[in-house]
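Engineer: Our numbering applies: residue 134 is where the sequence shown begins, and numbers increase by one.
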Amino acid sequence: MVNAWPHEGIAPIELWDVRVGDSTLYGLRDDPSFYRSLVAAVLALRSGKAVREGGERLPAAPWDAVALVGGALDETGARDAFDAAGITLDVVAADPFFASSHAREVLAEFGPAYDGAVVIDVGQTSVKGAGPATRIHRPRAAAAVALDARAELVRYVASVLADACAGSVPGFVLLALPCEVETRDGALLLGSSTYPTAGEGEALVREILASAGCESAASGVVNDAILAAWALARRVPSLTQSRLVLTLGLGVGAALVDRTPPA
């Protein structure tokens with residue numbers, strides 16, 4: 134059974150292509166002004182003035198606190214920019230395993246059915262896997278585009294999953310993908326990303342599980358920014374009304390978390 138992982142109390146936000154000046158956050162990712170641009174984007178989001186590249190205005194997100202996590206995070210640059218704007222970052226973590234490891238710890242607390250759970254965080258530049266006793270970080274190869282990109286994606290993610298399992302078959306696998314994840318009319322649907330993810334998602338997940346030798350494992354699928362926000366809400370609940378969680382990798386993921394951690 135493949136399900137969209139529930140995340141009541143957490144709302145995903147498409148912040149990555151919000152316009153800042155003449156560009157977007159994604160376009161400014163390697164610019165020296167990036168963290169100042171990120172501050173401008175989150176302030177615009179809070180006031181209801183954030184506009185995406187295609188012209189869509191995002192609804193106002195009344196965050197009270199901001200958390201920044203991700204393996205591509207420059208902690209000094211982030212703190213300097215947010216401090217200058219008078220915004221205190223309540224969590225800053227550059228550990229690439231932050232989302233996968235903390236999510237796995239939370240799952241293990243749910244009971245025996247999740248003791249051997251494995252969490253796989255598929256980022257734009259690498260895949261991170263956290264198992265009961267193993268952590269795997271595998272960069273995405275900068276090779277030419279494969280003739281069968283889907284098969285390459287399955288092979289790549291399955292190899293991390295198999296190594297994270299360390300020879301045992303987990304009872305549950307939670308897979309985080311850098312795309313929208315939703316259930317519509319009973320079907321699991323995935324959005325677009327730099328991987329061939331768009332479309333029906335259950336078959337893709339089943340192929341990954343089978344390739345890793347985990348056909349019998351139950352599984353859940355979630356957006357990668359939602360995974361980070363969910364893990365953070367469970368492990369380090371915010372003392373404020375709401376928290377904007379930003380994940381920094383090749384782009385910017387975002388999710389807004391209510392004060393009460395989701396069950």
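Glycine residues also receive a C-beta, built at the ideal position from the N, C-alpha and C atoms.
Predicted model only: the values in this text are computed from it and were never measured.
What residue range does the beta strand (DSSP E) around THR209 cover?
Structural biologist: Looking at the DSSP string, THR209 is not in any beta strand (DSSP E); the run it does join, the alpha helix (DSSP H), is 208 to 217.
Engineer: Measure the CB-CB distance between LEU171 and THR258 and report whether it falls below 8 Å.
Structural biologist: Not a contact, by the Cβ cut-off of 8 Å.
Engineer: By DSSP, does ILE220 sit in helix, in strand, or in coil?
Structural biologist: The answer is coil: DSSP assigns ILE220 none of H, G, I, E or B.
Engineer: Less than 8 Å between the beta carbons of ASP357 and ASP254, yes or no?
Structural biologist: Yes, the Cβ-Cβ distance between ASP357 and ASP254 is below 8 Å.
Engineer: Roughly how many angstroms separate the alpha carbons of ALA277 and ALA218, rounded to a whole number?
Structural biologist: For ALA277, the predicted structure reports a pLDDT of 44, less than 50, and the residue's modelled location is therefore unreliable. The matter cannot be settled from this model.
Engineer: Just to confirm, is the Cβ distance from PRO303 to VAL251 under 8 Å?
Structural biologist: For PRO303 and VAL251, yes; Cβs fall inside 8 Å.
Engineer: Quick one: what's got a C-beta closer than 7 Å to GLU186's C-beta in the same chain, skipping five residues either side?
Structural biologist: Excluding sequence neighbours, GLU186 sits near ASP150, ARG152 and THR157.
Engineer: Hey, how far is the Cα of TRP363 from the Cα of ASP281?
Structural biologist: Roughly 33 Å between the two C-alpha positions.
Engineer: Please report how far the alpha carbon of SER375 lies from the alpha carbon of THR316, in whole angstroms.
Structural biologist: Taking the straight line from one Cα to the other gives about 25 Å.
Engineer: Using only CA atoms, which one of ARG367, ASN136, ILE220 and GLY332 lies nearest to ILE143?
Structural biologist: ILE143 has its Cα closest to that of ARG367, out of ARG367, ASN136, ILE220 and GLY332.
Engineer: Helix, strand or coil for SER325? Go by DSSP, reduced to three states.
Structural biologist: Coil at SER325, not helix or strand.
Engineer: Identify, in the order they occur along the chain, each residue of the same chain with its Cβ nearer than 8 Å to the Cβ of VAL287, setting aside the five sequence neighbours on each side.
Structural biologist: If we look at VAL287 and ignore the five residues flanking it on each side, its Cβ neighbours are LEU337, GLU340, ILE341 and SER344.
Engineer: Taking the continuous alpha helix (DSSP H) assigned at LEU337, which residues delimit it?
Structural biologist: First-last of the alpha helix (DSSP H) with LEU337: 335 to 344.
Engineer: Would you check if the distance between the CB atom of ALA227 and the CB atom of ALA263 is smaller than 8 Å?
Structural biologist: Against a cut-off of 8 Å, the Cβ pair of ALA263 and ALA227 comes out as no contact.
Engineer: Could you name the residues of the same chain whose beta carbon sits closer than 7 Å to that of LEU360, not counting the 5 residues immediately before and after it, in chain order?
Structural biologist: These residues qualify, in order along the chain: ALA232, ALA236, ASP254 and ALA309.
Engineer: Would you check if the distance between the CB atom of TYR159 and the CB atom of GLY210 is smaller than 8 Å?
Structural biologist: No, these two residues do not count as a Cβ contact at 8 Å.
Engineer: Enumerate in chain order the residues of its own chain whose CB-to-CB distance from SER180 is below 7 Å, with the five nearest sequence positions on each side excluded.
Structural biologist: ALA193.
Engineer: Could you tell me which residues DSSP puts in a beta bridge with ILE269?
Structural biologist: BP columns for ILE269 point to GLY262.
Engineer: From ASN136 to VAL306, what does the alpha carbon distance come to, in whole angstroms?
Structural biologist: Using only the alpha carbons, I get a separation of about 11 Å.
Engineer: Grab me the residues of ARG268's own chain with a C-beta within less than 6 Å of its C-beta, minus the 5 sequence neighbours each way, in chain order.
Structural biologist: Taken in chain order, the residues that qualify are PHE230.
Engineer: Using a 10 Å radius around the Cβ and a threshold of 16 neighbouring Cβ atoms, would you call GLY154 buried or exposed?
Structural biologist: By the 10 Å Cβ count, GLY154 comes out exposed.
Engineer: How many Å lie between PRO139 and ALA214 at the Cα?
Structural biologist: If I take the Cα positions, the gap works out to 33 Å.
Engineer: Hey, how far is the Cα of PRO272 from the Cα of PRO195?
Structural biologist: Approximately 35 Å, taken between the alpha carbons.
Engineer: Going by beta carbon distance, what residues of the same chain come within less than 6 Å of GLU335, once the five residues before and after it are set aside?
Structural biologist: Excluding sequence neighbours, GLU335 sits near VAL135 and LEU321.
Engineer: Rounded to a whole number of angstroms, what is the C-alpha to C-alpha distance between THR380 and VAL224?
Structural biologist: Those two C-alpha atoms are separated by around 11 Å.
Engineer: Can you give the Cα-Cα distance for ALA284 and ARG162, rounded to whole angstroms?
Structural biologist: For ALA284 and ARG162, the distance between alpha carbons rounds to 29 Å.
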